[in-house]
Amino acid sequence: MRGFDFLSPKSLIAALRAIDGKAPTCKLLAGGTNVIPTLRDGTLKPRFVVDLGGIKALNYIREKQGWIQIGALTTIRDLLNSPLIKKKGSLLWEATHIFAGPLVRNRATVGGNLADASPAADTAVPLLALGARVKLRSLKGQRTVPLNRFFAGYQRTVIKPGEIVTEVTFPVPARGRKQSYYKLGRRNAMAISVVSVAVLLQMKGKICTDTAIALGAVAPTPLRVEKAEGILRGKKVDLELVKHCAQAAAKSVKPIDDIRASADYRRTLCEVLVHRMICQSLGLEDAD
Ligand SMILES: Cc1cc2nc3c(=O)[nH]c(=O)nc-3n(C[C@H](O)[C@H](O)[C@H](O)COP(=O)(O)OP(=O)(O)OC[C@H]3O[C@@H](n4cnc5c(N)ncnc54)[C@H](O)[C@@H]3O)c2cc1C
11 MRGFDFLSPK SLIAALRAID GKAPTCKLLA GGTNVIPTLR DGTLKPRFVV
61 DLGGIKALNY IREKQGWIQI GALTTIRDLL NSPLIKKKGS LLWEATHIFA
111 GPLVRNRATV GGNLADASPA ADTAVPLLAL GARVKLRSLK GQRTVPLNRF
161 FAGYQRTVIK PGEIVTEVTF PVPARGRKQS YYKLGRRNAM AISVVSVAVL
211 LQMKGKICTD TAIALGAVAP TPLRVEKAEG ILRGKKVDLE LVKHCAQAAA
261 KSVKPIDDIR ASADYRRTLC EVLVHRMICQ SLGLEDAD
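In the numbering used here, the protein residues as written are 11 to 298.
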């Protein structure tokens, strides 16, 4: 590992001052589960490493005026242990169960998971379906970016030099909203997604009044499949409609062949899993 200056600010303002003007030689560190391996293997050679871990004010989970607010330094374990997330963000809560294993969950933060911008990021997919927004702070001020505009490409985000992710928020889902998350990996623990799917459905009788469908590991970024969502919205949902929706979801993705699965297999899984999860949520007979 190459030498670097290690800065450990205890407040957000001190961290913002520490990184000001230092990009691209400066690397932010949160839980370190992505950063430390790349420092060790030499892929990353920063001049400065700024550890956000001492900023206790960025670790919280709370509800305020109809929104769930999660500080960027909240760990995956904190999300898993949160009764509030379990009750009001069950989609996200489900994702924390199958996130790596306990050791990684104890360190990994939600801010780091989003900023790392992996297409398979396990918090990103449910948060996209929940309509989350990301708060960014710099010395110049604060801005809020909808999560579906936060990812700019494979492992790229819209974070500008001098900015830090401080919070992710999502509106408390309406009562009775059906939420489900499914991650298919090559094993049950410590596995990166082959495909992950988050589905959120609001029903009035048999009519779907609102829906959100997000997919992971099937494109350069986690994504919402808005065409597929549009097929359900405002319609009476039956098996035929679910089939069209699942086919549209599979058409919207751009998967790659890699060590975990082929692109064709991933595309097929999108259709099968979207179909299955909608059917299961609504108690429709799953023909597949
Ligand atoms: C063994 C293992 C298993 C894993 N399994 C999974 C898994 O199942 N699912 C999954 O989604 N991920 C998995 N990961 C990846 C990793 O754990 C997550 O992406 C984690 O959430 C990253 O968070 P962190 O706090 O460790 O980030 P760090 O490693 O500290 O940082 C990650 C990136 O985000 C930037 N960053 C961090 N915080 C901020 C901030 N507040 N503002 C701006 N930029 C910031 C850093 O500069 C860096 O570029 C795994 C990793 C390992 C090593």
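Each residue gets a CB set at the ideal place from its N, CA and C atoms; glycine is no exception.
Keep in mind that this is a model prediction, so the values were computed, not measured.
{"query": "Would you mind reading off the limits of the alpha helix (DSSP H) that contains Pro-232?", "result": "Here Pro-232 belongs to no alpha helix (DSSP H), and DSSP marks it neither H nor E."}
{"query": "Using C-beta distances below 7 angstroms, list every residue in its chain close to Val-247, excluding the 5 sequence neighbours before and after it, in chain order.", "result": "Lys-216, Cys-218 and Leu-292"}
{"query": "Pull up the distance between the alpha-carbon of Asn-44 and that of Glu-250, whole angstroms please.", "result": "43 angstroms"}
{"query": "With 9 angstroms set as the bound, which would you pick, yes or no: does the beta-carbon of Ala-271 sit closer than that to a beta-carbon of chain B?", "result": "The structure shown contains no chain B; it holds only a single protein chain."}
{"query": "By the DSSP assignment, the alpha helix (DSSP H) with Tyr-192 in it spans what residues?", "result": "Element bounds for Tyr-192: not the alpha helix (DSSP H) but the beta strand (DSSP E), 188-194."}
{"query": "Give a single yes or no on whether Glu-104 has its beta carbon closer than 8 angstroms to a heavy atom of ligand 1.", "result": "no"}
{"query": "How many Å lie between Pro-232 and Leu-140 at the Cα?", "result": "13 angstroms"}
{"query": "Leu-279: which of Glu-295, Leu-294 and Ala-258 sits nearest, CA to CA?", "result": "Ala-258"}
{"query": "Does the Cβ of Ser-173 have 16 or more other Cβ atoms within 10 Å, making it buried, or fewer, making it exposed?", "result": "In the sequence on display, residue 173 carries Glu and not Ser. Buried: at least 16 other Cβ atoms inside 10 Å."}
{"query": "When you compare the CB positions of Ser-206 and Lys-237, do they come within less than 9 angstroms of one another, or not?", "result": "no"}
{"query": "Excluding the 5 residues preceding and the 5 following Thr-179 in the sequence, name in chain order all residues of the same chain whose CB lies nearer than 6 angstroms to its CB.", "result": "Trp-77, Gln-79 and Arg-143"}
{"query": "Counting C-beta neighbours from all protein chains within 10 Å, is the total for Ile-169 16 or more, i.e. buried, or is it exposed?", "result": "buried"}
{"query": "Quick one: give me the first and last residue of the beta strand (DSSP E) that Ser-148 is part of.", "result": "143-148"}
{"query": "Would you check if the region 155-170 and the region 95-110 touch, i.e. whether three or more CB-CB distances between them fall below 8 angstroms?", "result": "no"}
{"query": "Three-state secondary structure (DSSP) at Ala-297?", "result": "Any reading at Ala-297 is ruled out, since the residue's pLDDT is 48, under 50, leaving its predicted position unreliable."}
{"query": "Quick check for students: name the residue ranges of the beta strand (DSSP E) that lie wholly in the region 150-182, counting only runs of 3 or more.", "result": "151-156, 161-163 and 174-181"}
{"query": "Could you tell me how far apart the beta carbons of Arg-57 and Phe-16 are, in whole angstroms, since I believe they sit closer than 8 angstroms?", "result": "Not confirmed; about 11 angstroms, so no contact."}
{"query": "State the Cα-Cα distance for the pair Thr-167 and Ile-29, rounded to the nearest angstrom.", "result": "18 angstroms"}
{"query": "Determine the direct distance from the alpha carbon of Asn-91 to that of Lys-20, and round the result to whole angstroms.", "result": "25 angstroms"}
{"query": "At a cut-off of 8 angstroms, is Ser-148 close to ligand 3 when judged by its beta-carbon and the heavy atoms of the ligand?", "result": "Judged by which ligands are present, ligand 3 is missing from the structure shown, whose ligands are ligand 1."}
{"query": "Taking just the CA atoms, how far does Lys-37 sit from Gln-165?", "result": "15 angstroms"}
{"query": "Which same chain residues end up closer than 6 angstroms to Asp-267 when comparing Cβ atoms and leaving out the 5 residues on each side of it in sequence?", "result": "Ala-273"}
{"query": "Go ahead and pull the three-state DSSP assignment for Ser-203.", "result": "coil"}
{"query": "Pull up the DSSP beta-bridge partners for Gly-226, would you.", "result": "Ser-206"}
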